[in-house]
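Peer 1:
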Amino acid sequence: MRWIHIWGMIVGIGIGLLVAGEAGQTGLPFLKIGVGAPAAGMGNAYTAVASDAFATYWNPAGLMAARSGNVVFTHTNWLFDAISEFAAWQVRGQQSSVALHLYTFYVGQIPVRLIPSDQPLATTNAQYLSGGISYARNLRPHLALGVTLKYLYEKIYVETATGWALDVGVRYQMPGHPLVLAATLQHLGKMNALLSRASRLPTVLRAGIAYQPDVAVGPAKFQLAVDGLRYWSGSWKLNSGLEVKLWRQLALRAGYLLGYDDRSLGFGFGFQKATLRFDYSFNPFGAGLGEVHRFSMFLAL
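Residues 0 to 300 in numbering that gives the first Met the number 0 are what the sequence shown lists, from first letter to last.
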């Protein structure tokens, strides 16, 4: 069993390096990866922006900003051939909203070495999953509260563990002003032991602000967003993003991230026709790691 335990450590550390540069501090590192090409294109400054089923990840209170029910899907080509999928479905009521989500992350063909060698002893894989339900409600005309309860699963080689987590979010639309304030506390919960040790969840506090003036400049409308976030085991980071919508159909996005060792930029675009929207984002990583591509779809119901 000792070599299996070493495999688990190698896989956990490796994925942690791919995700946030904080390997070894928390488990389930896929929870740190944002979902949706629109958010990634804006540098993950999305706590106050989320207003559809993607809010099940970013801020469940944002479900109340949706104009109708909707379905979203994202496919992500992550670093070193890792693959992530996210899907969510939202039902919108007059004073409340409910949504379901499923989020998976898979890393295959991970080489395992106990000592330096040309050939690995074997290859293994890691699988992660989050699935849950979100509920949001208007507390006042401009104030919404949302919660997400999710089931968590991880598998490394043949060893598995399960757990649960809770997200709590709030969203405030300032009356008479195109300004949104929002905050969320994510990944509060626990995991069962994987072999002899339970993974510690990457609990994070996010606070965001979004500004979208009603005035258009020619065919363009702008939205600016800034997020501050802090993991329990880390320092403060800052995400900022800009979205420019042209003719209500084309969206151009750019983002800048501050406080990360491995990345600082995000770019993307989207095209909407009637109730259907397609989005793409591109995020380059430093140190020769490569880049991440996301493809998303939104369908209003």
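For glycine and all other residues, C-beta sits at the position ideal for the given N, C-alpha and C.
Taking the straight line between their C-alpha atoms, what separation do you get for G33 and H74?
Peer 2: Approximately 12 Å, taken between the alpha carbons.
Peer 1: According to DSSP, is G207 part of a helix, a strand, or is it coil?
Peer 2: G207: strand per DSSP, three-state reduction.
Peer 1: With G35 and L256 assumed to form a contact (beta carbons below 8 Å), what rounded beta-carbon distance in angstroms separates them?
Peer 2: About 16 Å separates the two Cβ atoms, so there is no contact after all.
Peer 1: By DSSP, does T55 sit in helix, in strand, or in coil?
Peer 2: The answer is helix: DSSP assigns T55 an H, G or I state.
Peer 1: Only counting runs of 3 or more residues, tell me where the beta strand (DSSP E) segments fall wholly within the segment 33-119, in order along the chain.
Peer 2: DSSP runs (the beta strand (DSSP E)) wholly in the segment 33-119: 69-76, 82-91 and 95-111.
Peer 1: Excluding sequence positions up to five away, which residues of its chain have a Cβ less than 6 Å from the Cβ of V169?
Peer 2: Same-chain partners within the cutoff: A60, L144 and A182.
Peer 1: Touch check for the segment 171-191 and the segment 98-116: three-plus C-beta pairs under 8 Å?
Peer 2: Output reads no: the segment 98-116 does not touch the segment 171-191.
Peer 1: Under DSSP, the beta strand (DSSP E) around W360 begins and ends at which residues?
Peer 2: Outside the shown range of the chain (0 to 300) lies residue 360, about which nothing can therefore be said.
Peer 1: Rounded C-beta distance between H258 and S234? I'm assuming under 8 Å.
Peer 2: For the record, residue 258 in the displayed sequence is Gly; it is not His. Yes, G258 and S234 are in contact; Cβ-Cβ is about 7 Å, under 8 Å.
Peer 1: Compute the distance between the beta-carbons of V90 and L298, then report whether it is under 8 Å.
Peer 2: No. Outside cutoff.
Peer 1: Taking the alpha carbon of D261 as the reference point, which residue from S280, T161, L249 and E290 has its own alpha carbon closest?
Peer 2: D261 has its Cα closest to that of E290, out of S280, T161, L249 and E290.
Peer 1: Taking all protein chains shown into account, do 16 or more other C-beta atoms lie within 10 angstroms of the C-beta of N282, making it buried, or fewer, making it exposed?
Peer 2: Buried is the call here.
Peer 1: Just to confirm the assignment: which complete beta strand (DSSP E) runs, minimum length 3, are found wholly within the segment 184-228?
Peer 2: Here the runs fully enclosed are 203-210.
Peer 1: Closer than 6 Å by C-beta to F72: which residues in its own chain qualify, once you throw out the five before and the five after it? Chain order, please.
Peer 2: Same-chain partners within the cutoff: A86 and M296.
Peer 1: For Q172, collect the residues of the same chain with a Cβ closer than 6 Å to its Cβ; drop the 5 residues on either side in sequence, then sort them by chain order.
Peer 2: Excluding positions up to five away in sequence, the list reads H141 and V179.
Peer 1: Leaving out the 5 sequence neighbours to the left and right, which residues in its chain are closer than 6 Å to L184 when beta-carbon positions are compared?
Peer 2: Same-chain partners within the cutoff: V167 and L204.
Peer 1: Look at the alpha carbon of F270 and the alpha carbon of F277, and state the distance between them as a whole number of angstroms.
Peer 2: Looking at the two C-alpha atoms, the distance is approximately 5 Å.
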